[in-house]
Each structure stands twice: as structure tokens, then as C-alpha cells.
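Data first, discussion second: the structure below is written as C-alpha cells.
2 protein chains.
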Amino acid sequence: MSIIRFDENPLIVPGDVKPSRSDFEVVCAFNAGCIRFNDEILLLMRVAERPPIGPDYVIAPILHPEDPSQGIDLFRVDRSNPAFEEIDSRLFSYKGKTYLTSISHLRIARSRDGRNFIIDERPAIFPEMRDEEYGVEDPRITQLGDKYYINYTAVSGNGITTALAVTKDFVRFERRGVIFAPENRDVTIFPEKIGGRYVCYHRPVAKLIGGADIWLAGSPDLINWGNHQHVCGPRSGMWDEYKIGGGAVPIKTEKGWLEIYHG
Amino acid sequence: MSIIRFDENPLIVPGDVKPSRSDFEVVCAFNAGCIRFNDEILLLMRVAERPPIGPDYVIAPILHPEDPSQGIDLFRVDRSNPAFEEIDSRLFSYKGKTYLTSISHLRIARSRDGRNFIIDERPAIFPEMRDEEYGVEDPRITQLGDKYYINYTAVSGNGITTALAVTKDFVRFERRGVIFAPENRDVTIFPEKIGGRYVCYHRPVAKLIGGADIWLAGSPDLINWGNHQHVCGPRSGMWDEYKIGGGAVPIKTEKGWLEIYHG
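Chains A and B, in that order, give the protein sequences. Under the numbering used here, the first residue of the first sequence carries the number 1, and numbering increases by one thereafter. Under the numbering used here, the first residue of the second sequence carries the number 264, and numbering increases by one thereafter.
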């Protein structure tokens with residue numbers, strides 16, 4: 001099997017995506033979930049946006065802390081503030097709490113040929129829950145019957161979780177809540193039941209003991225998950241020596257399930 | 264409500280507990296789950312043991328890495344080894360992996376009056392699964408009908424998880440697998456269903472964002488858990504400013520559920 005890169009890569013750049021509000025700029029369009037739906041190929045992209053900042057301060061765009069329904073607040077911190085600490089360009093700490101300098105939502109790009117994409121004007125899934133106050137990221141889409149289950153990373157000051165939404169039409173999305181507690185992302189749900197239960201890979205990250213490894217879990221209903229089992233971890237001295245996580249939804253082959261993961 | 268400490272505290276000291284093998288010493292007997300069973304009060308204690316060590320080396324007692332059924336291996340590391348790093352008296356790191364210097368099992372102490380306890384000669388739940396290679400710790404016991412559900416911390420090199428066992432008689436214990444992926448401990452399962460589902464508090468600890476906070480989860484079957492919701496976290500400047508976690512199984516009162524937590 002040979003894989004040839006498209007000459008016209010990248011297919012989509014941040015400048016192609018209209019920001020969700022006029023005072024934001026789109027800084028990333030990436031980590032899309034991908035699915036064939038009717039006669040189109042859909043990318044459900046993570047779109048990261050941020051407001052312009054000056055040299056003397058940073059801004060964390062976050063959902064209004066008391067009332068998420070009021071939308072995004074711009075939380076500004078002066079770099080000269082002694083409680084400010086830069087972690088990297090994407091993260092800073094203020095009074096011991098970690099903040100992100102951008103906020104992500106999920107946006108659909110549509111194509112008939114898999115090469116030329118038209119990007120929706122509006123977000124598909126926009127952060128609105130308290131668990132999403134820092135944004136929604138990195139969706140994967142699993143088709144089960146006539147429903148499409150979208151697991152995505154829901155980030156808040158309380159941690160990085162994985163949440164679930166379901167759609168039949170990619171127009172209306174119904175949230176089903178947080179399915180994996182912090183810290184957990186890179187969930188990939190298998191497209192069929194195995195042994196009578198739903199199955200997924202997930203990637204918890206522990207603080208005290210253990211790495212950024214792939215685990216397996218089972219579920220009777222896609223909402224509640226258990227029977228967690230360690231699958232594999234980073235390999236010392238290899239390209240995946242630091243951390244790994246599920247990428248694509250597992251693909252069934254004659255030889256078993258193929259999981260494409262990132263390292 | 265006034266609480267009076269027993270004059271005869273501590274009720275049990277490590278020297279009261281017979282080690283599980285003659286070359287081990289019991290270093291801690293603590294963090295017991297507690298339940299009234301028939302006409303006895305049972306403490307299901309965490310008992311931490313270790314082999315004697317010398318000044319020049321440390322030992323991690325762990326289940327045999329290839330075949331856990333072979334029991335506990337003594338993994339010795341010289342302090343002069345450049346890949347050795349002491350974390351504290353309970354933890355060390357070797358070649359980037361974290362190890363414990365003791366291994367815990369669960370042991371029953373029985374009493375008719377809640378003051379005088381007789382300690383079983385043998386462990387009740389002893390580490391034997393791969394997820395338990397560093398030991399089993401910190402049980403809580405929830406009675407549901409005629410069954411007693413015991414959640415406990417299962418520790419391995421892959422992380423700190425919470426596992427579930429069930430018993431009817433406190434003689435035979437049936438394992439039900441890992442119910443919370445790393446890092447998660449301090450699970451307390453409510454002693455009745457709420458809104459048609461089982462409910463528990465749990466305490467995930469994330470690496471990148473978030474603290475050591477208490478979360479709520481629901482379950483249809485005690486095995487699979489979902490709908491994770493953040494409940495509360497440490498309070499800055501207070502006695503519980505560093506980390507918190509559920510302690511006792513929640514107690515139903517006229518004013519609602521009483522949860523005793525530790526900080």
C-alpha cells in the first residue's frame with residue numbers, strides 16, 4: 001500500500017475559515033473528524049480562534065464563568081502581573097490556574113471529491129457548557145446505524161475531558177455529556193459492537209504514575225464506560241517515545257482492526 | 264453533634280497485623296473501608312508491606328511483570344545506579360518509570376463492639392491482576408441489597424485506577440474490573456440509586472489542566488460510568504487547599520447526602 005501526498009496540500013488553511021466573530025482571528029484549522037455523509041465528504045474541523053493581543057498582555061477567551069450562556073468573555077492578564085506565568089504560546093498560568101490563549105469550536109468543511117472543500121460560515125458545535133469553557137476540540141465521528149456519534153475534547157479550568165454528541169443530519173447536534181473524566185482525549189469509538197458492547201480506545205494522562213498511553217474501554221450505551229484495560233504506551237527511543245493517542249476511528253480489515261494513532 | 268476520640272486510639276497498629284509472607288514487615292494499616300455485617304463491625308484495611316532494605320539499595324515489591332500469577336517479585340535497584348532517582352520514602356523512579364517501595368493488600372479486622380478488633384490472619388483481597396501489580400489500596404464498601412460492593416485503588420506502572428469487587432459474605436470476592444481509568448481514586452458509591460441510576464463521587468487527577476477535585480458520575484450497572492460532572496475542588500488558603508477526595512460512603516440525612524471528604 002503506497003500513500004501519495006496531495007500536491008495541493010494543505011487542503012484548508014486558517015485564512016479560509018471565517019471567524020465566529022469579527023474581533024477574532026482564526027489561528028488554526030486542524031484535527032478534523034472525517035466521514036462520508038450522503039454524497040459528500042465532511043471534515044468536522046477544530047477551529048482555534050483568538051482576539052488580537054498586545055506585547056504587554058495576554059487574553060484567555062473563555063465562556064462567562066458565572067453564566068456560560070452569555071458566551072465568550074475576554075479575560076485579560078498583564079504580563080507584568082506577578083501572578084502571571086507564561087507556559088508556552090498556547091497556555092499561561094494566573095494565580096495558579098491554567099488558561100488557554102485561544103478557544104476552539106467545531107466547523108464543517110464539505111467536499112464532493114475530497115480535494116475541494118467548502119467551509120460552513122457558522123460553527124457546527126460551539127462551546128456552551130461549563131465543561132467547555134475553554135473550548136471544544138479534536139472530534140472523531142463514528143457511524144452506528146443512521147446516527148453519527150461525535151466524541152470531542154471538552155476543555156475547562158477543571159480539566160481536559162471527552163464529551164459525546166450525536167447527530168443524524170450534521171445540522172442538529174445533541175449533547176450527551178462528558179463520557180471520560182480528566183485528563184482524557186483521543187477517544188476513538190469502534191464502528192460496531194464487539195462481544196455485545198461498544199468499544200473505544202481512550203488516552204488518559206495521569207499525574208503521579210503512568211504515561212500518555214492508549215487504553216481500551218467498553219460500554220453498553222456509549223454514555224457509560226468501564227472495564228478499562230491498558231493497551232500500549234510510548235516506545236523509548238522511537239518516534240512515539242513521548243506520548244501516543246488514537247487518531248482515526250478504527251478500520252475493520254481482514255486481518256483485524258487497524259488503528260491509526262499519533263505519537 | 265460532638266465527636267469524642269477514643270482514649271484507646273489507635274485501634275490497630277502495624278505490629279498487630281501479620282505480614283502476608285515471613286520476609287515482609289507491615290509498615291502501615293490504614294484507610295479502611297467500614298461496614299456493619301451480620302453482628303460484626305468489619306474494617307477492610309489497607310495493609311502496606313515491604314521487605315527489609317539496606318542503606319545502599321531500594322526494593323520495589325511488584326507482581327511478576329510477565330506472569331502476575333507467579334506472585335510478588337522483589338525488584339532491587341542500587342542507589343548508586345545513575346538511572347535511580349528517589350522521589351520520597353514511598354516512591355522512586357528508575358529509567359523514567361515510577362515504582363512504590365511497598366505493596367498493599369486488603370485485610371479484614373472484625374469487632375463486636377467497634378473497639379476491640381481481631382485481625383484476619385490472611386489477606387481478603389490480594390494483588391493478582393496486572394492492573395494491581397503495585398498493590399491494592401484504600402477500599403470503600405457500599406451495601407446495595409444483599410451485596411457489598413468494594414471499590415479499591417488498583418495501582419500499576421500504568422497508573423492509579425479504581426477497580427470494583429463484590430461480595431456477599433466477605434469470604435469470596437469477585438472482581439469486576441477497572442471502573443475508572445488513571446488517575447482516579449477516592450471513589451465513594453452512594454448506597455442507593457438516585458434518579459434511576461447508581462451514583463458515585465470520584466477524584467480524577469489531571470496532568471495538564473485542573474486540580475485534585477471531586478467529580479460526580481452515574482452508572483446503570485456499577486461497572487460502566489459516565490455523565491461526569493465537576494463538584495468541587497480545593498479551597499485556597501484553607502485546610503483543604505492542596506487536594507481533596509471522597510472519604511466515607513455518602514450518608515443519607517434529613518437534609519440531604521452527607522459526604523465526609525479528606526483534604
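Just so you know, even glycine gets a beta-carbon here, dropped at the ideal spot from N, CA and C. Since the model is a prediction, treat every value here as computed from it, not as a measurement.
Sub-8 Å separation of residue i and residue j beta-carbons
i	j	result
B:F436	B:A387	yes
B:G422	A:G226	no
B:G510	B:H493	no
A:E133	A:G157	yes
B:I322	B:F300	no
B:P390	B:L307	no
A:A212	A:G245	yes
B:Y461	B:L485	yes
A:P139	A:R203	no
B:W478	A:A181	yes
A:P19	A:A29	no
A:I141	A:C34	yes
B:P454	B:V418	no
A:S102	A:P61	yes
B:D319	B:R342	yes
B:E271	B:R375	no
B:I452	B:T425	no
A:I12	A:I119	yes
A:E183	B:A480	no
B:R370	B:V450	no
Beta bridge counterpart(s) of residue i as assigned by DSSP
i	result
B:K410	B:L407
A:G135	A:S104 and A:V155
B:E446	In DSSP, B:E446 forms no bridge with anything.
A:S69	Beta-bridge pairing links A:S69 to no other residue.
A:Y57	A:D78
A:D169	According to DSSP, which records beta bridges pairwise, A:D169 is partnered with nothing at all.
A:R46	A:F30 and A:L106
A:A212	A:V205
A:H64	Answer is none; A:H64 lacks a bridge partner.
B:D347	Checking the sequence, you will find Phe at residue 347 of chain B rather than Asp. Bridge partners of B:F347: B:Y357.
A:R175	A:A165
A:W239	DSSP lists no partner for A:W239.
B:H525	B:G508
Test: residue i CB closer than 8 Å to a CB of chain A
i	result
B:P483	yes
B:N294	no
B:G510	no
B:N447	yes
B:N490	yes
Classification of residue i by the beta-carbon crowding that lies within 10 angstroms, buried from 16 upward
i	result
B:I457	exposed
A:N151	buried
B:T527	Outside the displayed span of chain B (264 to 526) sits residue 527 of chain B, for which this structure offers no information.
B:V434	exposed
B:A346	exposed
A:V5	Val is not the amino acid found at residue 5 of chain A; the sequence shown has Arg there. It counts as exposed.
A:N116	exposed
A:S22	exposed
B:P331	buried
A:H185	Reading off the sequence shown, one finds Arg at residue 185 of chain A, where the question assumed His. Classification for A:R185: buried.
B:I472	buried
A:Y242	exposed
B:E312	buried
Neighbour flag for residue i against chain B, beta carbons, 8 Å
i	result
A:N224	yes
A:W239	no
A:R215	In the sequence as displayed, the identity of residue 215 of chain A is Trp instead of Arg. It does; some Cβ of chain B falls within 8 Å.
A:H262	no
Check: residue i C-beta below 7 Å from any heavy atom of the ligand ADP
i	result
A:P10	Although the ligand ADP was asked about, the structure shown includes no ligands whatsoever.
is_contact[residue i, chain E] using C-beta, thresh 8 Å
i	result
A:T167	Here chain E cannot be found, since the structure's protein chains are A and B.
*Pull out every residue of the segment 455-475 of chain B whose Cβ sits closer than 9 Å to any Cβ of chain A, in chain order.*
R460, H465, P467, V468, A469, K470, L471, I472, G473, G474 and A475
*Interface residues of the segment 144-164 of chain A facing chain B [CB-CB below 8 Å]*: V155, S156, G157, N158, G159, I160 and T161
*Residues of the segment 164-182 of chain A with a CB closer than 8 Å to any CB of chain B: list them in chain order, please.*
Of all residues in the segment 164-182 of chain A, G177, V178, I179, F180, A181 and P182 have a Cβ within less than 8 Å of some Cβ in chain B.
*Residues within the segment 356-374 of chain B neighbouring chain A, beta-carbon criterion of under 7 Å*: T361
_Residues within the segment 320-343 of chain B neighbouring chain A, beta-carbon criterion of under 7 Å_ = Look at the segment 320-343 of chain B: it has no residue with a C-beta under 7 Å from a C-beta of chain A.
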